[in-house]
Structure formats: C-alpha cells, structure tokens
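All letters in the sequence shown, in the order written, are residues -16 to -1, 1 to 269 by mature numbering (1 follows the signal peptide of the UniProt record, and there is no 0).
Ideal Cβ placement from N, Cα and C applies to all residues, glycine included.
What follows is a single structure, written as structure tokens, with notes after it.
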Amino acid sequence: MATLILLLLILPSILLLPFYTIYKPPSSLIRYFSQRWTDVLWRLWLPPHRKIVALTIDDAPSDHTREILAALKAGGAHATFFVIGGQVRGREEILREIVRQGHELGNHGMHDEMARELADEELERQMKEVERLIREAYEAEGRVWPGGSAGHGAEEGRTTGGTDTTTTTQIRDTRTREGGTVEEQVIEGKYYRPGSGFFSERMLSLVRKLGYRLVLGSIYPHDAQIGYAWLNARHILSMLSPGGIIICHDRRSWTPPMLRKVLPEMQRRGYKAVTVSQLLEEATG
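Here it is in structure tokens:
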C-alpha cells in the first residue's frame, strides 16, 4: 500500500516534467542547443556582473505596438521587433516609429505560420519581401539598415536613436557541401526568427545564404497563448540571467501591462534590456 501511495504521489511529477521543461527550459538544455546549433542565436553566456539581456518582440506591427513603445520608453529599454510583413500595410508609420525610437527590426516572414513547412522558394520570397519593408522603414527615417540598400551589401555604419553606435561586421561562414566549398556571408543586424520557432537544416542553409542569422531565445513566457500579464511577467523575471534573450509578442493586449511590470523590476535588479545587436556589441565591447 505504501508503495502504491508513493507511486501515486510521484506519477504526476513524472507526467508534468516534460511540460515544465518546455515552459521553463533549464540552462543546461539551452547550452546543449547552443552547442548543437552554433549558428542559431539562443542567448549569450555572460558573467554574473554583465546584467544585460536582449528583449525581442514578435508579430509587429499591430494596434498594440504604440502602447508597447510607450512601455519601453518608460522602462528605459530597447528591443528588436520581428516584423510580419502581412501586418505592415496601413501601419507603415508605426514601423518607422519603432526605428525612430532607437529600436531594431528583424524578419519574421510574411504571415503568422509555421515557416519550417514552407518550400525554399516561398520562404525566400517572403524573407525578401519583409526585408524590403524593413529597409524602407529605415530609409524613411534617414537611417542605414545593416543589410544595406537593395542589391548591395552592408554599409559601414548604422545609427540607433540618432547616434551612430556600431560598425556593421560581416561574418564569413565557409562550409563544405557536396564536395565543394561554399562561402556564405552573415551580416550582423540581419536577424530572422521563423514562425512558430521551429527550424530545419534546410531552413538554416537558406537563412545563411540570404545573409541572416536565425535568432531564437532562452526566456519565453509562452505569452502568445497565455494571456495573463502577471504570470508572464513572473515567468520572465524568474528566468533572468546575463546574456538571456527574452521572447514576447506584439498583437496581444496583455503585452504592454506585462512590460510595465517587468521593466521596472529589471531596472531595480540592475538589468538593462537592449536589442539583439546591442547585446552582441556589449558582449564583444
């Protein structure tokens, strides 16, 4: 009887463990992923005193973006907004406001869909279309997008918030495929996040070919599905660590109040929320 009771007590924990691991992946799992897929950016591993995290916001722009921008300004934070191209029409000014306020734009495809399922031709078409929209937003604000002008490589400099903050670097990635050597160029500041967060080796190859780095993250409150600002804020704050990358979502009414809870507490703990590019710059600076 005692054994049966013990099993009944242990069984729920065993059944819930996989779900908890998905909800709050341990750092050891993120480290394994980082070593397994080295060209995917999951997070940086910074010393404890370097309290910097990247804040990324998917599914922009939306009717909630301006409220998100206000929360970021109040909290002294900057973010990388991953843009869904199909949501830009009629919101071009919002996209420009993101750039104007010193934030960064990343590529999230044309539609809210599982990008891994797309054929290469369709994925490439979508990425190039969103790239055009991103480039136009930067150029409308008199800023230089890291990817450069259409049909050209990266420019030497990039401005953020009206100040030239970085020199764009280019990372050459030489790989051997089918007996031949292929040299690919990944441009810092060109970031892609696949819809639904799933990727394949085929996708990684295409993303590299287009000069992008695939960015995921290490702190994800599953706010795309969970609509409780207090719970999502608690999740993020419980997983804060130097070099982490936070994933949250635009297009949800609960995101602004979540940020209004998270950002002041981050400041109180001595953390700074920055864009992906700023995180990489801080790490090498």
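In the DSSP assignment, Asp43 falls within the unbroken beta strand (DSSP E) covering Ile36 to Ala44.
In terms of CA proximity to Ala267, Leu28 leads the group Thr64, Phe182, Tyr122 and Leu28. Secondary structure at Tyr255: coil, using DSSP grouped into helix, strand and coil.
Taking a contact as a CB-CB distance under 8 Å, the pair Arg177 and Gly86 does not count as one, their CB atoms being some 20 Å apart. Apart from sequence neighbours up to five positions away, the residues of its chain that approach Ser46 with a beta-carbon distance below 7 Å are Gln71, Asp234 and Arg235, ordered along the chain. Judged by their CB atoms, Leu25 and Leu188 are not nearer to each other than the 8 Å cut-off. Between Lys245 and Ala208, the gap from beta carbon to beta carbon reaches 8 Å or more. With the rule of 3 Cβ pairs closer than 8 Å, the region 90 to 103 does not count as touching the region 47 to 57. Within the DSSP bridge table, the entry for Gly90 names Phe66 as partners.
The count of Cβ pairs closer than 8 Å, one atom from the region 237 to 253 and one from the region 65 to 79, stays below three, leaving the stretches out of contact.
Within the model, the alpha-carbon separation for Gly74 versus Arg119 is close to 17 Å. Its Cα nearest to that of Val258, the residue His62 stands out among His33, His62, Gly211 and Gly181. Taking a C-beta distance under 8 Å as the contact criterion, Glu172 and Leu264 qualify as a contact pair. By the Cβ neighbour-count rule, Gln262 is buried, with 16 or more other Cβ atoms within 10 Å of its own. For Tyr122, the three-state secondary structure derived from DSSP is helix. Per DSSP, the continuous beta strand (DSSP E) segment holding Leu198 begins and ends at Arg197 to Val199. Annotation for Ile78: the continuous alpha helix (DSSP H) segment containing it runs Glu76 to Arg84. Under the criterion of beta carbons closer than 8 Å, Thr40 and Ile229 qualify as touching, at roughly 6 Å.
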